[in-house]
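Student: Under this note's numbering, the first residue of the sequence shown carries the number 199, and numbering increases by one thereafter.
Below is one structure. I have some questions about it.
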Amino acid sequence: MRGRERGRGARRAGEKRGCERHAAAPPLARPSPTLPSSPSLSPLALFLLSSNFDVRAGPITSSWFTGATTNLAFNCLDRHVDAGHGDRTAFLWEGNDEGEARAVSYTDLLSLVCRISNWLLSQGVKPGDDVTLYMPMVPELPAAMLACARVGAVHSVVFAGFSAAALAARIHDSASAVVITTAAVKRGPKVIKLKAIVDEALDNADKEGHAVASVLVSSHASGPGVPARADTPMKAGRDVWWDDVIPPQAATCPPVWRGSEDPLFKLYTSGSTGKPKGVVHSTGGYMVGAAATTKFVFDARPATDVYWCTADCGWITGHTYVTYGPLLNGMTQVLFEGVPTHPDPGRVWRIVDKLKVTQLYTAPTAIRALEAAGDAWVTSSDRSSLRILGSVGEPIGPQAWHWYSDVCGGGRCPVVDTWWQTETGAHMITPLPGATPLKPGSASLPFFGVDPVLLDPTTGAVIEGPGEGVLAIRGSWPSALRALAGDPERFEATYFAPYPGFYFTGDGARRDADGYYWLIGRVDDVINVSGHRIGTAEVEAALTIHAACAEAAVVPVDHPIKGQGIYAFVTLMEGQTYPPAGDLKKELVAAVRSAIGPIAAPDAIHWAPGLPKTRSGKIMRRILRKIAGGGGLADMGDTSTLADPGVVDVLLGLKGK
Ligand code: 6R9
199 MRGRERGRGA
209 RRAGEKRGCE
219 RHAAAPPLAR
229 PSPTLPSSPS
239 LSPLALFLLS
249 SNFDVRAGPI
259 TSSWFTGATT
269 NLAFNCLDRH
279 VDAGHGDRTA
289 FLWEGNDEGE
299 ARAVSYTDLL
309 SLVCRISNWL
319 LSQGVKPGDD
329 VTLYMPMVPE
339 LPAAMLACAR
349 VGAVHSVVFA
359 GFSAAALAAR
369 IHDSASAVVI
379 TTAAVKRGPK
389 VIKLKAIVDE
399 ALDNADKEGH
409 AVASVLVSSH
419 ASGPGVPARA
429 DTPMKAGRDV
439 WWDDVIPPQA
449 ATCPPVWRGS
459 EDPLFKLYTS
469 GSTGKPKGVV
479 HSTGGYMVGA
489 AATTKFVFDA
499 RPATDVYWCT
509 ADCGWITGHT
519 YVTYGPLLNG
529 MTQVLFEGVP
539 THPDPGRVWR
549 IVDKLKVTQL
559 YTAPTAIRAL
569 EAAGDAWVTS
579 SDRSSLRILG
589 SVGEPIGPQA
599 WHWYSDVCGG
609 GRCPVVDTWW
619 QTETGAHMIT
629 PLPGATPLKP
639 GSASLPFFGV
649 DPVLLDPTTG
659 AVIEGPGEGV
669 LAIRGSWPSA
679 LRALAGDPER
689 FEATYFAPYP
699 GFYFTGDGAR
709 RDADGYYWLI
719 GRVDDVINVS
729 GHRIGTAEVE
739 AALTIHAACA
749 EAAVVPVDHP
759 IKGQGIYAFV
769 TLMEGQTYPP
779 AGDLKKELVA
789 AVRSAIGPIA
799 APDAIHWAPG
809 LPKTRSGKIM
819 RRILRKIAGG
829 GGLADMGDTS
839 TLADPGVVDV
849 LLGLKGK
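Structure (structure tokens):
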């Protein structure tokens, strides 16, 4: 509560709020003068939290620091500049091509954010309006996020690997009037024309009846294959170049103070239906979660650290542990545009040595890819600057954990295996480096204030002591999601109805005798591909867009690098023979790439004249998972409830065809 007390002390009666950069210590949060009273809870407790996670007791709610106001951009930037740290580097940007680099100080970043903020205001963007960002990992992306936060707009970052159709759906769903993008970007050896994808998406959204008023286009990548400015089509009256409109803006812009419970951003994530969910995060609680977990889980030492999280801002990890958490803590961080193995698997370690990286936070899929490339890429580097290694996105497993710890960290660096989700906003189960004894493969113990429980999946009974079950959380935490955009029924049905009284994570977990948590994986219809959530229903819907596909069933399959791969069973329209002639598999994969994006492309297509269904027509995915994983007839378990048990034999006969 330090910030709250400071805020109260710092504000004199009649002081104008939000109209100038503050000379006095700024508020992190400001308490409401009129707190509701309750016989059982103190005013402080009510200010901190009022929540209901029990669907039987009424609507689901979760409010933290009610009545307080704050601004994320202010706390990420102005606060540090005002404290005399303006010259500190905020971003050490490393481009896709080695040798491309930029450093951005806190002062520079504040000016840039203010200029973008002023442009947003000039477009009529108001607090609560949505702005969609579709950009690569350049400093302009976190700057645009912070500009939205500064003026109170709700940013919706769409990962720049999503297809035009996926982008259109997200723009349409959030009704964004403004889109910010980049003309083109290099990803490894490839050039991707993002503006062309945006144009296609906006045509789609137009047809659906949603017109975007303004598109701001930065021109980032240069070099062979990258379109020149003149070759990037711009729509008059809608599209403007960043270089024309941002530099002329004023370099100061007063922050718009936001209520603690006002939405900060929405981020779409996959669920168990075909439609992605717009997870909405709050302002005050999210800020506290991002700041506190970054500080403690990465042992932040802002004056000396060079922190590096390799996540893209298109995912929650890039929101909390690139844009918000590190900047709230005043840290210097690496912002990496490229892929860890480009131009070769030594790139990561060359960056670590060049910039003297102290914390490296990455995903098991990257760790496995680097391990597969051979130890020499790692051991030929120095890495003595590293203090802490972090992992996120999927279970790391003891084998990859040991390689990361022993080979990359030289046995010197604690590995923080951080379990959390888009919905939780910040780390939930994680070691604290140097303080928590580590067990390779376990995310260890809950973060302060987090109360995980294991539930029996069928009875919902709470499992005490060691055991295995579905992972749920009892009671709210500051950075909990507040809503699914425009869909209160789905919000309750997905997270709170399955086990009344608890937030249901969708993960399974085991707890050992020491109380350590071992995450097992998703228990719902979500596949974790390279740490990214892909809903099986989304891929199935994309496959059935192809005229030849009558039905599809998608299941996860173990993958040596991605963790899980996507395995699709496809039933063709009547009259086809199996396996069909021609290049139908390629066409089906292309259909998924175009509907969702390359990350969702199936690794395997398995022809299925019929699918194993119960008499009520429910696909028995358990059987499909076994077939995908290489199981034989003897491994299928009980097939007596199938409407046609013979289908299993047919499917086994078509494996690999
Ligand atoms: C932060 C993030 C969330 C899902 C989550 C779980 C898996 C994330 C993990 C982990 C085991 C870890 N997951 N971290 N599983 N150990 N340390 O990844 O968010 O994209 O929403 O994915 O990822 O299955 O439910 P998100």
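The beta carbon of each residue, even a glycine, is placed where N, CA and C say it ideally should be.
Could you give the C-beta distance for residue 619 and residue 703, rounded to a whole number, given that I count them as a contact under 8 Å?
Tutor: Contact holds; Cβ gap of about 7 Å.
Student: What's the call for residue 592, buried or exposed, on a 16-neighbour Cβ count within 10 Å?
Tutor: Looking at its Cβ environment, which holds 16 or more other Cβ atoms inside 10 Å, residue 592 is buried.
Student: Along the beta strand (DSSP E) that carries residue 416, what are the first and last residues, could you check?
Tutor: 412-416 is the extent of the beta strand (DSSP E) around residue 416.
Student: For the ligand 6R9, I want to know if residue 242 counts as a neighbour, meaning its beta carbon is within less than 8 Å of at least one of the ligand's heavy atoms.
Tutor: Because no heavy atom of the ligand 6R9 lies under 8 Å away, the Cβ of residue 242 does not count as near it: no.
Student: Please name the residue in 410, 552, 564, 667 whose C-alpha comes closest to that of residue 540.
Tutor: Out of 410, 552, 564, 667, 564 has the C-alpha closest to the C-alpha of residue 540.
Student: Along the chain, where does the beta strand (DSSP E) containing residue 651 start, and where does it finish?
Tutor: Run containing residue 651: 650-653, per the beta strand (DSSP E) assignment.
Student: On a Cα-Cα basis, can you pick out the residue from 543, 595, 588, 597 that is closest to residue 574?
Tutor: Selected option, being the one with the closest Cα: 543.
Student: Going residue by residue through the stretch 452-523, where are the continuous alpha helix (DSSP H) segments of at least 4 residues, counting only ones entirely within it?
Tutor: Here the runs fully enclosed are 482-495.
Student: Let me check you understand the geometry: is the CB of residue 665 closer than 8 Å to at least one non-hydrogen atom of the ligand 6R9?
Tutor: For the ligand 6R9, not one heavy atom lies less than 8 Å from the Cβ of residue 665.
Student: Does the distance from the CB of residue 355 to the CB of residue 321 come in under 9 Å?
Tutor: For residue 355 and residue 321, no; Cβs fall outside 9 Å.
Student: For residue 593, is the beta carbon positioned less than 8 Å from some heavy atom of the ligand 6R9?
Tutor: Result yes, Cβ under 8 Å from the ligand 6R9.
Student: With which residues is residue 700 paired in a DSSP beta bridge?
Tutor: Paired residue(s): 672.
Student: Rounded to whole angstroms, what's the CA-CA distance from residue 325 to residue 492? Just pull it up for me.
Tutor: Their backbone Cα atoms lie some 27 Å apart in a straight line.
Student: Could you check the C-alpha separation between residue 626 and residue 650 for me, to the nearest Å?
Tutor: Cα to Cα, residue 626 sits roughly 9 Å from residue 650.
Student: Evaluate the contact criterion for the stretch 358-365 versus the stretch 399-416: three or more CB pairs, one atom per stretch, below 8 Å.
Tutor: They touch, by the three-pair rule.
Student: According to DSSP, simplified to helix, strand and coil, what is residue 443?
Tutor: Reduced to three states, the DSSP call for residue 443 is helix.
Student: Mapping DSSP to helix, strand and coil, what is residue 266?
Tutor: It is coil, neither helix nor strand.
Student: How would you call residue 528, buried or exposed, if buried means at least 16 neighbouring beta carbons within 10 angstroms?
Tutor: Classification of residue 528: buried, given that the 10 Å Cβ count is 16 or more.
Student: By the three-class DSSP mapping on this structure, what secondary structure does residue 846 have?
Tutor: Note: residue 846 maps to helix in three-state DSSP.
Student: For residue 390, which option in 264, 285, 332, 438 has the closest C-alpha, if you only look at C-alpha atoms?
Tutor: Among 264, 285, 332, 438, the Cα nearest to that of residue 390 belongs to 332.
Student: Could you pull out every unbroken beta strand (DSSP E) segment of at least 3 residues lying fully inside the stretch 736-815, listed in chain order?
Tutor: Qualifying beta strand (DSSP E) stretches, in chain order: 747-757, 761-770, 802-805.
Student: State the start and end residues of the unbroken beta strand (DSSP E) segment that holds residue 292.
Tutor: Note, residue 292: beta strand (DSSP E), 287-292.
Student: For residue 254, count neighbouring Cβ atoms within 10 angstroms of its own Cβ and tell me buried if that reaches 16, exposed if not.
Tutor: Residue 254 comes out exposed.
Student: Smallest Cα separation from residue 270: which of 611, 296, 350?
Tutor: Here the closest residue by C-alpha is 350.
Student: Enumerated in chain order, which unbroken segments of the alpha helix (DSSP H) with a length of 4 residues or greater are wholly contained in the stretch 586-618?
Tutor: Entirely contained in the stretch 586-618, the alpha helix (DSSP H) runs reaching 4 residues are, in chain order, 595-600.
Student: Hey, out of 842, 816, 383, whose CA is closest to residue 807's CA?
Tutor: It is 842.
Student: Can you find the residues in the same chain that come closer than 6 Å, C-beta to C-beta, to residue 278, ignoring five residues on each side of it along the sequence?
Tutor: Here the set comprises 304, 528.
Student: When you compare the stretch 548-560 with the stretch 499-510, are there three or more beta-carbon pairs, one atom per stretch, that lie closer than 8 Å?
Tutor: Yes, they touch.
Student: For residue 699, tell me which candidate among 690, 707, 705, 706 has the shortest Cα-Cα distance.
Tutor: Among 690, 707, 705, 706, the Cα nearest to that of residue 699 belongs to 690.
Student: For residue 782, which residues in the same chain have their Cβ closer than 7 Å to its Cβ, ignoring the five residues on either side in sequence?
Tutor: So the qualifying residues of the chain are 746.
Student: I believe residue 748 touches residue 794 by the beta-carbon criterion, under 8 Å. Please report the beta-carbon distance rounded to the nearest angstrom.
Tutor: Their Cβ separation, rounded to whole angstroms, is 20 Å, which puts residue 748 and residue 794 out of contact at 8 Å.
Student: In this structure, what does DSSP give as the bridge partners for residue 733?
Tutor: According to DSSP, residue 733 bridges with 724.
Student: Measure the beta-carbon distance from residue 586 to residue 611 and round it to whole angstroms, keeping in mind my assumption that it falls under 8 Å.
Tutor: About 6 Å separates the two Cβ atoms, so the contact holds.
Student: Of the residues 791, 425, 537, which one's Cα is nearest the Cα of residue 293?
Tutor: With distances taken between Cα atoms, residue 293 lies closest to 537.
Student: If I measure Cβ to Cβ from residue 743 and keep anything under 8 Å in the same chain, skipping five residues before and after, which residues do I get?
Tutor: Excluding residues within five positions, the ones whose Cβ falls inside 8 Å are 789, 793.
Student: Based on Cα-Cα distance, which residue from 482, 709, 300 lies nearest to residue 663?
Tutor: Nearest option by C-alpha distance: 709.
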